[in-house]
Structure formats: structure tokens, C-alpha cells
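Colleague:
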Amino acid sequence: MKVFEYLLRYPYRAAWKISKIFSKNKRIDFFCAGQVDYICFKNIHYKMPFVRIVAKNRKVKSTLKNFGIDSVLYPTFPDVVIMARHSTAKFPAKKIKKIGIRHGAYHFKDFINAKHYNEFDKYFMTSQKEVELAEAKGIHSSKAVGFPKIDSMFNGKITEMQLTKLRKSLNLDSSKPTILFTATWNKKGYSAIDKWVGRLAEIVDDYNVLVTVHQWTTPDKKQILENTKKINYIKDKDILPFLMIANVMIADISSIIAEFNSLDKPIVTYKVPHMKRFTQEISGMLDEISYRVDSFEEMKVALKKAIKNPDEHSVKRRFYNKIMFDDLDGKASERAVEEIREYWRF
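Given below as C-alpha cells:
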């Protein structure tokens, strides 16, 4: 435990008990460390609008406000707290019920220490298979609900009219395929961004090029993207509409692959080194659902194949969708709400 978390524990518990004396109303909060957290929770929030959004700090509160999201500042003293981070130490009162939700689809990197999951009363996994894998790791708080974040792609919430407006706003050429490049955080050794970030200009005449990268990607890489002409560098944290208009994804091992795979569209993935949290399961899955490449030149060849034969890996994509999501029925948020209400009735 970090020193500040230890120092926080007893003053927080005392303040929580005092808050219960002066307010008998039950409170349920969502702890938000950034806009991406809220996007993971948004579809649940639509169904539980009384959940209070708690911003980690003033910067987060300001960011949320800019996107029309009302919030209050931490610390708060709820009866139930939901979060998309392993931040239970910020709510150390023993009687607070704690619910965790996935920050990214499935576990594209291996589970962290089981005790961080078991600090939650319930942790939502995206499938029953993920629950089984979690239990094998000693995680006993897990419950399969699906991935609420992507419900909007399957329940009609994102309309064709919205997608048409998006294509127009991006000035996409309807005669060209639309390609989405993405990369995970480039400080941990898993990212393939260095293999393509400086070469996108080579393909802009043949494709509409969209790019989204991890929010913590280093500034030098972001600057290259800012300076590359004829691409659309996406800074919007809600990337679902962009997934829906893309024909092919180019990726490494980011969990956004799972979100795109749910749409059963072709994927090209760069091979990355096998490091500590890169599991054999994920490596094997990428071998089966995507064209695997090492270099930009190989990527260009694979991209042509993907556009010519979009169904080549479809059987495997649909197979792994069942493993990662159980059912893509647009109702994961409803299942999550039912699980949350179990604690809201205590």
C-alpha cells in the first residue's frame, strides 16, 4: 500500500461514518479518473442517471465539463462506488460496496495481482470464459455481463445518419477504403507504433486513413501524427463511431482490437515481443483473427488482402467474439445494472 493511501485510510473512515450520521440517504458514485473511464460507464449511466460522477481531481472535472458531463470532486462518501480502475484504496471504508468494470474489452494483457480484483465486492468481466480464466488466477469477485461500452454499436444508439455525418465531417473519399490505425501505450514495449507512425503519407492516396492511439502515447509520436497531412488523427475518446466507419483495422495488442473484432471486420496486427503480461492465449487469438505482419511493407500487402477478402478470418472472428463477449446483443449495460441493483438494495 502506498504511504498516502495508508495515511488516508483512518481519516476517510472517520469522515465516512460522520457523513452517515448527517445523511441517511444512500449514495452511489462512479469514480472517474478520466474521460475514457466515463465512456466505459456511459451506457450504464444512461440507465442509472442518479449515479453521481466523482472526478479524481479538478483537471478531470474540467475535462468532463467540457463534454457536458456534470461531476463532483473526490473525496466523496458513498454507500456504493463503481470504478473502471483499481482504485479501491481511495474508498477505504469497509462498508462501502465496491464494483469494478472493465476499462478495455477482455484482458488483452494478463490479469494483474488477484488481490486487486478481490478488493471489489463484484468485478464485471466481459464473458463467462473470462470469469473462468480469472478464477483460475485466484480472482473470486468476477461476474460476466459483457462489455457495456460497446452496446451502442449493437442496439441502434449509433445511427446510420450519425455515421454519414461523421464520414462527411472527416471528408472521406467514398471511392477509397477507410483504414483505422491504432496502437497501445508505447512505454511498455507492447506498441508497434514505431513501425508505422512516420510512414502513413505513403498510403494516403489509396486509403482514407484514421488514427487513434493510447491516451498516454508519448508527445513525440503524437506530434508526428499532428504533422502528417491527409490523415484524420482522432482525439475523440469515444471511438465507437470511428470503428463502425472503418473497413480495416491496423493494430498491435491494444484491447480496441476486441471492440473492432465484435464488428466482424478484417484486422491486420503487428507482431510484438512476448513480454510478461502478453499471454499465449492473446497471441494465439491474434494469429487466427488477423493478418500478422512484422514490417510496414508486409502491412501494405496484408492490407490489400484484407480489402479483397474481408471474410477470410470471419469464422474465427465470430468464434472469438463468443469467447470475449458471450452475446453481442447490445444489452450488456442492462445486465450490469441488474448486478449493481443487487448492492443498491442492501
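Take any residue in the sequence shown, note its place counting from 1, add 20, and you have its number in this note's numbering. C-beta: ideal position from N, C-alpha, C; glycine also. Everything numeric in this text was worked out from a predicted model, so none of it was measured.
In this structure, what does DSSP give as the bridge partners for residue 319?
Modeller: Counting from one through the sequence shown, the residue named residue 319 turns up at place 299. The partner list for residue 319 (beta bridge, DSSP) is empty, contrary to what the question assumes.
Colleague: What did DSSP end up calling residue 47 once you bin it into helix, strand or coil?
Modeller: As a position in the sequence shown, residue 47 is number 27, starting the count at 1. Here residue 47 sits in coil by DSSP.
Colleague: In angstroms, rounded to a whole number, what distance separates the CA positions of residue 205 and residue 344?
Modeller: The sequence position of residue 205 within the sequence shown is 185, counting from 1. The sequence position of residue 344 within the sequence shown is 324, counting from 1. Each residue's alpha carbon lies about 22 angstroms from the other.
Colleague: Consult DSSP for residue 162 and reduce its assignment to one of helix, strand or coil.
Modeller: Numbered from its first residue, the sequence shown carries residue 162 at position 142. Reduced to three states, the DSSP call for residue 162 is strand.
Colleague: What span of residues does the beta strand (DSSP E) with residue 247 cover, start to end?
Modeller: Here residue 247 is taken as the residue at index 227 of the sequence shown, counted from 1. That residue, residue 247, is in no beta strand (DSSP E); its alpha helix (DSSP H) goes 239-247.
Colleague: With a floor of 3 residues, list each beta strand (DSSP E) that falls wholly inside the region 94-118, ordered by position along the chain.
Modeller: The qualifying runs are 100-103.
Colleague: Three-state secondary structure (DSSP) at residue 64?
Modeller: Residue numbering aside, residue 64 sits at position 44 when the sequence shown is read from its first letter. Note: residue 64 maps to helix in three-state DSSP.
Colleague: Residue 186: which of 252, 335 and 330 sits nearest, CA to CA?
Modeller: As a working mapping, residue 186 is identified with position 166 in the sequence shown. Cα-wise, what sits closest to residue 186 is 252.
Colleague: Shortest alpha-carbon distance to residue 124 belongs to which of 188, 137, 56 and 45?
Modeller: Here residue 124 refers to the residue found at position 104 when the sequence shown is read from its first residue. Here the closest residue by C-alpha is 56.
Colleague: Going by beta carbon distance, what residues of the same chain come within less than 6 angstroms of residue 137, once the five residues before and after it are set aside?
Modeller: In the sequence shown, residue 137 corresponds to position 117, counting from 1. So the qualifying residues of the chain are 143, 159 and 161.
Colleague: Which residues in the same chain as residue 7 place their Cβ atom closer than 6 angstroms to its Cβ, once the five residues preceding and following it in sequence are excluded?
Modeller: Not covered by the structure: residue 7. The range shown for the chain is 21 to 366.
Colleague: Can you tell me whether DSSP reads residue 33 as helix, strand or coil?
Modeller: Taking the sequence shown and counting its residues from 1, one reaches residue 33 at position 13. Residue 33: helix per DSSP, three-state reduction.
Colleague: What is the C-beta distance between residue 273 and residue 302, in whole angstroms, given that I count them as a contact (C-beta under 8 angstroms)?
Modeller: Taking the first residue of the sequence shown as 1, we reach residue 273 at position 253. Taking the first residue of the sequence shown as 1, we reach residue 302 at position 282. Sure, about 6 angstroms apart at Cβ, within 8 angstroms.
Colleague: Mind pulling the beta strand (DSSP E) runs of 3 or more residues that sit fully within the region 172-255?
Modeller: Here the runs fully enclosed are 198-203, 228-233 and 251-253.
Colleague: Cβ of residue 60 less than 8 angstroms from any chain B Cβ?
Modeller: Reference to chain B is not applicable here, since this structure consists of a single protein chain.
Colleague: Buried or exposed for residue 293, going by 16 or more other Cβ atoms inside 10 Å?
Modeller: Position 273 of the sequence shown, counted from the first residue, corresponds to residue 293. By the 10 Å Cβ count, residue 293 comes out exposed.
Colleague: In whole angstroms, what is the alpha-carbon distance linking residue 30 and residue 139?
Modeller: For the purposes of this step, residue 30 is taken as residue 10 along the sequence shown, with counting starting at 1. For the purposes of this step, residue 139 is taken as residue 119 along the sequence shown, with counting starting at 1. Taking the straight line from one Cα to the other gives about 17 angstroms.
Colleague: By the three-class DSSP mapping on this structure, what secondary structure does residue 83 have?
Modeller: As a first step, residue 83 must be located in the sequence shown, where it is residue number 63. It is helical.
Colleague: Using the three-state DSSP reduction, which class does residue 120 fall into: helix, strand or coil?
Modeller: Residue 120 sits at position 100 when you count from the first residue of the sequence shown. Strand, per DSSP.
Colleague: Taking the C-alpha atoms as reference points, what is the distance between residue 323 and residue 268?
Modeller: For the purposes of this step, residue 323 is taken as residue 303 along the sequence shown, with counting starting at 1. For the purposes of this step, residue 268 is taken as residue 248 along the sequence shown, with counting starting at 1. The straight-line gap from Cα to Cα measures roughly 8 angstroms.
Colleague: Mind checking who residue 56 pairs with in its DSSP beta bridge?
Modeller: As a working note, residue 56 is residue 36 in the sequence shown. Answer is none; residue 56 lacks a bridge partner.
Colleague: Assuming contact is defined by CB atoms lying nearer than 8 angstroms, are residue 264 and residue 183 in contact in what I supplied?
Modeller: For the purposes of this step, residue 264 is taken as residue 244 along the sequence shown, with counting starting at 1. For the purposes of this step, residue 183 is taken as residue 163 along the sequence shown, with counting starting at 1. Contact flag set, yes.
Colleague: Roughly how far, in whole angstroms, is the beta-carbon of residue 199 from the beta-carbon of residue 230, given that I think they are within contact range, below 8 angstroms?
Modeller: As a working mapping, residue 199 is identified with position 179 in the sequence shown. As a working mapping, residue 230 is identified with position 210 in the sequence shown. With 8 angstroms as the limit, residue 199 and residue 230 qualify as a contact, their Cβ atoms being about 7 angstroms apart.
Colleague: Please work out which residues of its chain come closer than 8 angstroms, Cβ to Cβ, to residue 354, disregarding the five sequence neighbours upstream and downstream, and give them in chain order.
Modeller: Counting from 1 along the sequence shown, the entry for residue 354 is found at position 334. For residue 354, where only same-chain residues beyond five positions count, the Cβ hits under 8 angstroms are 67.
Colleague: Are the beta-carbon atoms belonging to residue 50 and residue 102 less than 8 angstroms from one another?
Modeller: Along the sequence shown, read from residue 1 onward, the residue named residue 50 stands at position 30. Along the sequence shown, read from residue 1 onward, the residue named residue 102 stands at position 82. Yes, they are a contact pair.
Colleague: Looking at the unbroken beta strand (DSSP E) that takes in residue 144, where does it start and where does it end?
Modeller: Mapped onto the sequence shown, residue 144 falls at position 124. Segment 142-145, the beta strand (DSSP E) holding residue 144.
Colleague: Relative to the C-alpha of residue 223, which residue among 188, 317, 176 and 62 is closest?
Modeller: In the sequence shown, residue 223 corresponds to position 203, counting from 1. If we check each option's Cα against that of residue 223, 317 comes out closest.
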